[in-house]
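Here's the structure we're looking at; comments come further down.
Numbering (full-length UniProt numbering), first residue to last: 1 to 1161.
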């Protein structure tokens, strides 16, 4: 380091005294070094260099370090001994614990000076190898210079400096430990020390506890011609006036008047700080004071047991928004290549010329926080946009939710940009702050007004200036009035009001949303100061996912973790207390916001009217995506009435708040939803024409509802159900989208608190999406409520019973379904007559259940009646008539009457396409049914085309995991198998089996069916071992689920016997086949065809001679998998390894069966 005019700007460090609270200074310095390392590593990354792995040393960044008392000891550690910060913290901790642990019983000072001397000597010896190392160093070129302040006990008017370098003033050739003793010899704590010619010295903090002024004066004497960079002053915390006792018997050297004066010294050193602020008033970002402002006043200077409190309060202080901003500016000042003036000019100022004053008068853009991460795509878009230029100011608008990181992106862009001649920062929080900052732009000799500034900017045709409006969130702010009307310049806007996008040209805006996953994870680890271990990375990924990759929430979480918890404990803590954490004002995230996550949104909430607040609360209960205006529109126009009048009134009130009922309702509602959008509290999906709300905004909005959340949930569920058409014939896609909203809205709501009509609507949507258990639970409650409120015979009660019966059917509970359906049919006949559509529908449902139980003649008889009556009543084309034809065709199919089935199914499919369209579920069902009939007539090409079409449409409509999609995939796999496409069939069967395991569990009949299908595929390819392993599982689970005598269990036993036979396990095969035959005799009699088949499967002359075998058939039912023995074909034929029977694919009924009966709520 040089004292000439050359060299980089000077960087000075001043350290206050303060006893054990000096530890706070070290932690602050550590944070400064950490931020400098981040800045340096970012530069190294761009230059392709290796990043720093350890914190840099303060002596490598500061030209001069001066300290008093505790600050003096720290100055010696960091400057003279050139310690890194962590080593200094450890050394300081050890030192104060030794020195302040034991108090003296008598004599000068409360603590032993010899203990301090020994401790300091130990520190020096550890670093230099010699405890008596001199304070004065040799050649000072390139070395950080250090001094400590003390006072001569005989002359306390001015400080005495103990320096590590030569000076014109009196020099004391002392040891390092002696300088430490002199600067810390506070009379109340240690006795004085004599150095040189018996001159007594005491603590320099007596009047100079904040040595900033001394550091500045000393630097001027050393480096007066050098450019000035910055002065960093670090305190030990704002504290009360030090309490010093009256002198005792042995304190004769210090007069009583001096002791009295000591009581008036405040260790917070505020007066010196205020003087520095005045000195640097016209030099922004050159003087920085860091001093913990809360929590330190209760920590006495010598209370060693309070060291942990010092660390905690310092960590909390460093997380404050204003401190983070100050740190960012400080790091920039330390790294700045040129200063604004020399140190001599600073100490002896001359009146600045007018032009210099003008250049410094407007606000400068702050730098981004040092932990800024990612957003490269947005930054690149901004850079490209402004590089294009144009004939008018280029306006770019960054818009998004409060706390998403808009301002920090803008700061980063400005920091990295080199194309702007001037950057004018405008605080656009409101019109007053905007006008104040805008007025300051005009030169000093020009009238101070907004118009003058705008005119001056417009006149700067050669300059490429940037006008930066930050926080332009006020929807009433007419920002266009404050943009210069000219043909040059640039404007950047950050706002929550997405309506300001109209200010920009094409590609001139960017929505700021969630962070990229990797950037979010790195931000959390950085803010939490967590080690980047594999375990921490996994935890960080989970936490940022919980926080939905939201910038401010992640930053706030990191700050909290750094001060309080580990990553693993934070996640658990967040799940239990997320509202408290996100509204915690002590941990604000460290960016330009001075408030916590929830508080940022409260500002927007306060500006909303009642209607907008109500709509926001409704959005908070729904699923966060896919919110359709159609739902509100349908509910508002619905004529349905809820059974609960109080709930009905509340729902009506809510809907009326969103818009007056009538032709103007869409306009009114759009105005309400636009007000939410103007604050970016909701977003519009232009592709799907729906709205979304950020999950964290949902959490916050729910927290504003306090105890009214459950009432709002009931209202929202009512609105959803009122939006469903009572005909239930159209809008399948719309109802499909409602499922996620029902699931979200009903969370923690007891179904018993809901009305029957709401329960019915919820159950219908669940039922249609294949969530049969949920539908069953809801319909049971609805049925019981209607029995109590109406009667057992009321049509609405019968509707609930019919719907519940259908749910039982879909779960394979045939007996329960039949019992209910018989009751419904009989009572409907009594109430409505034999020819009423509802009576016919009840007959159709009962017929379907008969068919599912293999009572085919009963089923056919009922279905013929239903079809004929439907044709008479409604004609040949209505969907209800077509459903009755489809059901009869399925029954023909079960009886192997293929041609009769095919003729009906072709008619049904064609008419379904005409009436409902190609994508309607009933159309897809008719296609699958026809494909199955073709397959059973050995026509392979037709079913493949049909099955493929069904699978693709169901994937698009329902998703890959829906039960109906999986059944369609199983059908296609069976068709592939029949065509000998083994690999394609196996791949599909495996997907179906795994998804059913995940969705339904290992023991569900549908899962077992998929296992049986895969086993059959292995069997057909001669992979007996693989087939056997699956078939054993199927058989054992069937026995446990259905019992040993159930036809399906017997079928699985017969199939396993055949697999044993193929592997020449004759005894095992025979044992199973005998068991099957005996059971068949008991169940069906000796003469039943199936019994005779089972007898034919027994060996005649030897165990390796099998006449016939049972074939496992892929029974893919629309609603559930059937295992009834009659559905499994058993052939008596000569043995042939190549023999194959096409698998069975059946649909017991179309969904249309359910819809008509379920229409009346």
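From the three backbone atoms N, C-alpha and C, an ideal C-beta is built for every residue, glycine too.
Checklist entry - Leaving out the 5 sequence neighbours to the left and right, which residues in its chain are closer than 7 Å to residue 966 when beta-carbon positions are compared? => result Scanning its chain for C-beta atoms nearer than 7 Å, with the 5 sequence neighbours on each side dropped, one finds around residue 966 the residues 992, 995, 996, in chain order.
Item to check | Range of the contiguous beta strand (DSSP E) that encloses residue 10 | outcome: Annotation for residue 10: the continuous beta strand (DSSP E) segment containing it runs 10 to 15.
Checklist entry - What span of residues does the beta strand (DSSP E) with residue 194 cover, start to end? => result 193 to 195 is the extent of the beta strand (DSSP E) around residue 194.
Next on the checklist: I'd like the span of the alpha helix (DSSP H) that includes residue 290, first residue to last.
Outcome noted: According to the DSSP assignment, residue 290 belongs to no alpha helix (DSSP H) but to the beta strand (DSSP E) extending over 287 to 290.
Item to check | Pairwise C-alpha distance: residue 452 and residue 358 | outcome: With a pLDDT of 44 at residue 358, under the threshold of 50, the modelled position of that residue is not reliable, and the figure given next carries that caveat. Each residue's Cα considered, the two are about 14 Å apart.
Checklist entry - Given 8 Å as the limit, is there contact between the segment 614 to 622 and the segment 712 to 721, that is, 3 or more CB pairs closer than that? => result Three or more beta-carbon pairs drawn from the segment 614 to 622 and the segment 712 to 721 are found closer than 8 Å, and the two stretches are therefore classed as touching.
Checklist entry - Would you call the CB atoms of residue 41 and residue 52 closer than 8 Å? => result Contact flag set, yes.
Item to check | Between the CA atoms of residue 319 and residue 557 - distance to the nearest angstrom | outcome: Taking the straight line joining both Cα atoms gives about 11 Å.
Item to check | Coil, strand or helix - residue 159 by DSSP | outcome: DSSP places residue 159 in strand when its eight states are reduced to three.
Next on the checklist: In whole angstroms, give me the CA-to-CA distance for residue 1032 and residue 748.
Outcome noted: Their backbone Cα atoms lie some 41 Å apart in a straight line.
Item to check | DSSP state of residue 692 mapped onto helix, strand, coil | outcome: Reduced to three states, the DSSP call for residue 692 is strand.
Item to check | Rounded Cβ spacing between residue 371 and residue 385 (contact assumed at less than 8 Å) | outcome: That pair is no contact at about 26 Å.
Next on the checklist: With distance defined between alpha-carbon atoms, name the residue in 369, 430, 640 nearest to residue 477.
Outcome noted: Selected option, being the one with the closest Cα: 430.
Next on the checklist: Between the segment 1017 to 1024 and the segment 1042 to 1051, can you find at least three pairs of beta-carbon atoms closer than 8 Å?
Outcome noted: Because the criterion of three Cβ pairs below 8 Å is not met, the segment 1042 to 1051 and the segment 1017 to 1024 do not touch.
Checklist entry - Should residue 394 go down as buried or exposed, given a rule of 16 or more other Cβ atoms within 10 Å for buried? => result With 16 or more other Cβ atoms inside 10 Å of its own Cβ, residue 394 counts as buried.
Next on the checklist: For the alpha helix (DSSP H) containing residue 331, name the first residue and the last one.
Outcome noted: Residues 321 to 335.
Item to check | Sequence-distant residues of the same chain with beta carbon closer than 6 Å to residue 339, five excluded per side | outcome: Excluding residues within five positions, the ones whose Cβ falls inside 6 Å are 9, 227, 228, 229.
Next on the checklist: With H, G and I counted as helix, E and B as strand and the rest as coil, what does DSSP make of residue 175?
Outcome noted: Residue 175 falls in the strand class under three-state DSSP.
Checklist entry - Under the DSSP definition of a beta bridge, which residues are partnered with residue 511? => result In the DSSP output, where bridge partners are listed per residue, residue 511 has 399.
Checklist entry - If you count every other CB in all the chains shown that lies within 10 Å of the CB of residue 487, and 16 or more means buried, which is it? => result Exposed is the call here.
Checklist entry - Counting Cβ pairs closer than 8 Å, one from the segment 832 to 840 and one from the segment 814 to 822, do we hit at least three? => result By the Cβ criterion, the segment 832 to 840 is not in contact with the segment 814 to 822, since fewer than three pairs of Cβ atoms, one from each stretch, lie closer than 8 Å.
Item to check | Integer Cβ distance of residue 778 from residue 759, believed to fall under 8 Å | outcome: Indeed, because the Cβ distance is near 5 Å, the residues count as touching under 8 Å.
Item to check | Element boundaries [beta strand (DSSP E), containing residue 495] | outcome: Per DSSP, residue 495 belongs to the beta strand (DSSP E) from 490 to 495.
Checklist entry - Alpha carbon to alpha carbon, what distance is there between residue 813 and residue 1038? => result Here the alpha carbon of residue 1038 sits roughly 15 Å from the alpha carbon of residue 813.
Item to check | Complete alpha helix (DSSP H) runs within the segment 885 to 946 (minimum length 4 residues, chain order) | outcome: You should have 898 to 916, 921 to 935.
Checklist entry - If you draw a straight line from the C-alpha of residue 112 to the C-alpha of residue 99, how long is it? => result Straight-line Cα distance between these residues: approximately 7 Å.
Next on the checklist: Across the segment 520 to 532 and the segment 495 to 510, are there enough close Cβ pairs to call them in contact, namely three or more that are closer than 8 Å?
Outcome noted: Counting Cβ pairs under 8 Å, fewer than three are found: no touch.
Next on the checklist: Can you tell me where the beta strand (DSSP E) holding residue 233 begins and where it ends?
Outcome noted: Looking at the DSSP string, the run of the beta strand (DSSP E) that includes residue 233 is 228 to 234.
Checklist entry - Just reading off the alpha helix (DSSP H) that residue 67 is part of, what are its end residues? => result In this chain, residue 67 is not harboured by any alpha helix (DSSP H); it is covered by the beta strand (DSSP E) spanning 64 to 68.
Checklist entry - Can you tell which of 14, 708, 1079, 606 has its C-alpha closest to the C-alpha of residue 272? => result With distances taken between Cα atoms, residue 272 lies closest to 14.
Item to check | Whole-angstrom distance between residue 695 and residue 231, CA atom to CA atom | outcome: Taking the Cα positions, residue 231 is about 45 Å away from residue 695.
Item to check | Where residue 428 sits in the DSSP three-state scheme | outcome: Three-state DSSP puts residue 428 in coil, outside helix and strand.
Item to check | Per DSSP, cross-strand counterpart(s) of residue 963 | outcome: Residue pairing by DSSP places residue 963 in no beta bridge whatsoever.
Checklist entry - According to DSSP, what are the bridge partners of residue 682? => result Beta-bridge annotation (DSSP): residue 682 is paired with 693.
Checklist entry - Excluding sequence positions up to five away, which residues of its chain have a Cβ less than 8 Å from the Cβ of residue 808? => result Closer than 8 Å at Cβ, skipping near neighbours: 776, 814, 816, 817, 820.
Item to check | Per DSSP, the bridge partner or partners of residue 145 | outcome: In the DSSP assignment, the residues bridged to residue 145 are 64.
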